[in-house]
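First up is the structure itself, then whatever we jot down about it.
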Amino acid sequence: MHQGTLSLSGVVEPWEVWWSNNRDRYLSFREPVEWSSVMDDGKGSKSVTVYPVYDELINVLVDGLSNKNSFVAFRAAISLSKVPDALTPAVSSQKAAEQLKKSEESENRFFVRNNVLLALGFIGDDSAGETARRVLMDNKKEGPLRRSYAALALGYLPGNNSELTKTLMDVLSDRSDNHEVRCCAALSLGNLKDVSAVPLLGKMLNQSEGGKKEPPAVRSYAALGLGRIATKEALDELRKSTPASEKEADVRTAVVMALGMTGLPEAGDSIAPFLRDRYSPVRGYAALALSQTKNPKSYEIISELFHKEKFVEADGLMALALGLTGNEKAKADLRKILENKKARSPLFKASAAIGLGLLKDTEAVPLIVNMLSNEKQQSDTLLTPYLILALGMIKDPRGVEPLQKLWDKLPEKSYTYPYHSNLAIALTMLGRKKDIVMPALVKQAGQTQNQLLRSHAIHSLGLIGDRESAGLLVSSAADKDNTFIMYTTMSAIGFLMDKNRLNPLNKITGNLIDVSSQIRDHIGGIPVW
Numbered sequence: 035m036h037q038g039t040l041s042l043s044g045v046v047e048p049w050e051v052w053w054s055n056n057r058d059r060y061l062s063f064r065e066p067v068e069w070s071s072v073m074d075d076g077k078g079s080k081s082v083t084v085y086p087v088y089d090e091l092i093n094v095l096v097d098g099l100s101n102k103n104s105f106v107a108f109r110a111a112i113s114l115s116k117v118p119d120a121l122t123p124a125v126s127s128q129k130a131a132e133q134l135k136k137s138e139e140s141e142n143r144f145f146v147r148n149n150v151l152l153a154l155g156f157i158g159d160d161s162a163g164e165t166a167r168r169v170l171m172d173n174k175k176e177g178p179l180r181r182s183y184a185a186l187a188l189g190y191l192p193g194n195n196s197e198l199t200k201t202l203m204d205v206l207s208d209r210s211d212n213h214e215v216r217c218c219a220a221l222s223l224g225n226l227k228d229v230s231a232v233p234l235l236g237k238m239l240n241q242s243e244g245g246k247k248e249p250p251a252v253r254s255y256a257a258l259g260l261g262r263i264a265t266k267e268a269l270d271e272l273r274k275s276t277p278a279s280e281k282e283a284d285v286r287t288a289v290v291m292a293l294g295m296t297g298l299p300e301a302g303d304s305i306a307p308f309l310r311d312r313y314s315p316v317r318g319y320a321a322l323a324l325s326q327t328k329n330p331k332s333y334e335i336i337s338e339l340f341h342k343e344k345f346v347e348a349d350g351l352m353a354l355a356l357g358l359t360g361n362e363k364a365k366a367d368l369r370k371i372l373e374n375k376k377a378r379s380p381l382f383k384a385s386a387a388i389g390l391g392l393l394k395d396t397e398a399v400p401l402i403v404n405m406l407s408n409e410k411q412q413s414d415t416l417l418t419p420y421l422i423l424a425l426g427m428i429k430d431p432r433g434v435e436p437l438q439k440l441w442d443k444l445p446e447k448s449y450t451y452p453y454h455s456n457l458a459i460a461l462t463m464l465g466r467k468k469d470i471v472m473p474a475l476v477k478q479a480g481q482t483q484n485q486l487l488r489s490h491a492i493h494s495l496g497l498i499g500d501r502e503s504a505g506l507l508v509s510s511a512a513d514k515d516n517t518f519i520m521y522t523t524m525s526a527i528g529f530l531m532d533k534n535r536l537n538p539l540n541k542i543t544g545n546l547i548d549v550s551s552q553i554r555d556h557i558g559g560i561p562v563w
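Here my numbering is used: the sequence shown runs in plain steps of one and ends on residue 563.
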């Protein structure tokens with residue numbers, strides 16, 4: 035499964051899926067952009083000025099929303115949902131919201147219209163909620179995919195809305211309804227954190243009706259909904275499903291992930307049996323879940339299991355889990371993986387590198403720097419992007435020089451392009467955004483000779499750019515004949531203007547298991563960086 039720009043290499047292991055969906059929680063490189071200034075005349079009066087580029091960027095997105103290319107239009111819709119009010123950054127731009135509402139009413143391209151509906155959910159507007167609720171309830175006129183989008187959109191609205199909760203619960207309770215729509219309803223009930231939904235979600239997960247249990251996918255999402263609600267009552271329902279009683283591997287994975295999502299220390303005892311599960315990925319997810327419960331014994335438990343584990347599906351998850359424990363002892367375990375020339379795969383080493391980054395292990399810096407000095411390693415797009423990111427996460431000044439050398443190779447070495455954004459982010463986390471990264475990005479984004487490098491620069495500008503560089507995104511949007519540049523620009527503006535600390539898509543994809551579905555395939559097309 036690919037989540038937008040999920041895997042740089044196109045090779046996805048279970049730990050990569052989890053990390054890509056949750057990394058926003060552990061990386062700090064974005065600085066909020068101020069779109070207005072306040073001037074004090076010294077006499078008690080103040081005047082507020084909105085910077086012109088703010089409206090220019092919104093106009094680019096509005097124009098993109100009506101673009102004849104659906105992939106440009108849907109990116110513009112998602113980006114509009116992230117735009118803040120220029121004067122009150124915590125809330126959405128009213129102009130952006132109004133444009134999305136107009137588009138939802140007039141847009142006739144199915145794919146674009148669905149993403150407009152989700153974008154309205156991201157905004158959390160009450161009127162948008164009424165639209166999504168109407169779509170979800172109309173199972174005769176509206177198809178399952180659009181109703182799934184509507185169900186997910188409802189999970190973004192302000193809580194304490196009994197009518198909204200009742201609608202989602204009615205859909206989930208109807209066993210004759212489409213399974214994917216019901217899965218999305220379960221997830222949104224969890225996102226709304228309405229404790230009144232706990233009994234129903236528990237019933238969906240654990241009970242049978244007429245001797246027949248719910249489909250595995252519905253039961254999995256019911257578990258994930260309970261994990262999001264994260265109360266002791268939700269934990270009690272999750273505890274009823276154990277490796278001994280549950281035959282479906284997907285359900286066991288969802289349950290153990292949900293146990294970890296609660297963050298409750300008492301969940302540790304219920305996670306323990308899953309560490310001995312007969313299916314290796316479940317054991318890996320159990321280690322990941324245990325690392326999130328703040329159990330003081332989690333490192334010892336995971337480390338013992340990790341040294342016994344022989345299956346590739348679990349080892350990356352366990353290496354990542356070791357890093358998430360925050361235990362100093364895990365540093366030596368993970369360094370050994372990087373040092374091992376016979377390690378099972380580059381991606382196994384990559385998971386260890388991210389674990390070391392989470393632990394901010396300064397002793398790993400010489401090892402990583404030495405690996406990156408090898409030109410053969412530099413051309414390896416499986417491991418190298420993660421080594422780069424690890425140096426940024428550790429924040430040791432010794433990481434600057436090797437990263438700068440790679441950065442300087444960008445114009446002529448195309449093998450560095452796939453980890454362009456990782457380099458920009460890592461150097462930013464090391465405090466070298468202004469003097470090393472931005473001058474190069476401005477130059478790269480403004481040139482037209484190398485369109486591939488230009489597109490990577492535009493993408494990176496969206497992630498770490500500022501108000502001064504925003505004009506470059508306006509300029510790149512003028513290149514309407516270059517569809518690829520238009521794709522990149524629409525998403526980059528959304529990243530730059532995003533009012534959310536975490537990507538809003540995280541409420542859907544964060545801590546999610548990989549259950550194949552049509553809605554997941556569609557949501558997976560939304561760039562996450």
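All residues carry an ideal CB built from backbone N, CA and C; glycine is no exception.
It should be emphasised that the depicted structure is a prediction, and the values quoted were computed from it without experimental measurement.
Item, Value
"Neighbour-count burial assignment, SER385, 16 or more Cβ in a 10 Å radius", "buried"
"Which of helix, strand or coil DSSP assigns to LYS247", "strand"
"The region 46-66 contacting the region 478-489, beta-carbon criterion three pairs below 8 Å", "no"
"Per-residue DSSP class, three states only, for ILE428", "helix"
"Boundaries (first-last residue) of the beta strand (DSSP E) holding THR83", "80-84"
"Cβ contact (3+ pairs, closer than 8 Å) linking the region 387-398 and the region 426-437", "yes"
"Sequence ranges, alpha helix (DSSP H) only - wholly within the region 512-557, length at least 4", "517-531, 540-543, 552-557"
"Which of helix, strand or coil DSSP assigns to ASP74", "strand"
"As assigned by DSSP and simplified to three states, the class of PRO118", "strand"
"Buried/exposed call for THR296, threshold 16 Cβ in 10 Å", "buried"
"Rounded separation between THR265 and PRO299 - CA only", "12 Å"
"SER254 - DSSP class collapsed to helix/strand/coil", "helix"
"Span of the alpha helix (DSSP H), counted from its first residue to its last, around ALA364", "364-373"
"For PHE156, the nearest candidate out of LEU186, ASN173, ILE371 (CA to CA)", "LEU186"
"Limits of the alpha helix (DSSP H) - the one that PRO380 falls within", "380-393"
"Counted within 10 angstroms of its Cβ, other Cβ atoms place LEU40 as buried (16 or more) or exposed", "Bear in mind that the predicted position of LEU40 carries a pLDDT of just 38, short of 50, making it too unreliable to give a figure here."
"GLN133 classed as buried or exposed, judged by whether at least 16 other C-beta atoms fall within 10 angstroms", "buried"
"The alpha helix (DSSP H) enclosing PRO473, as first and last residue numbers", "472-480"
"Nearest candidate by alpha-carbon position, reference TRP52, set HIS454, TYR319, THR517", "TYR319"
"LEU356, enclosing alpha helix (DSSP H) - first and last residue", "346-359"
"Residue environment, ARG59, which counts as buried when at least 16 other CB atoms sit within 10 Å", "exposed"
"Beta carbon of ILE470 nearer than 9 Å to that of VAL508", "no"
"Spatially closest choice to LEU416 from ILE388, PRO436, ARG109, by CA coordinates", "ILE388"
"The region 119-128 in contact with the region 96-109 per 3-pair CB rule at 8 Å", "no"
"Collapsed DSSP secondary structure at SER304 in the structure displayed", "helix"
"Spatially closest choice to LEU91 from ILE112, GLY528, GLU139, by CA coordinates", "GLY528"
"Nearest-angstrom beta carbon gap, GLY496 and ALA526 [assumed within contact, 8 Å]", "3 Å"
"SER413 - DSSP class collapsed to helix/strand/coil", "coil"
"Runs of alpha helix (DSSP H) wholly within the region 97-152 (minimum 4 residues, chain order)", "104-114, 128-140"
"From GLU197, LYS136, PRO249, residue whose alpha carbon lies closest to that of HIS213", "PRO249"
"Which residues DSSP lists as bridging SER242, in chain order", "LYS247"
"Through-space distance from LEU202 to PHE145, alpha-carbon basis", "23 Å"
"Pairwise C-alpha distance: GLY558 and LEU322", "22 Å"
"CA-to-CA distance, ARG262 to VAL117, given in whole angstroms", "26 Å"
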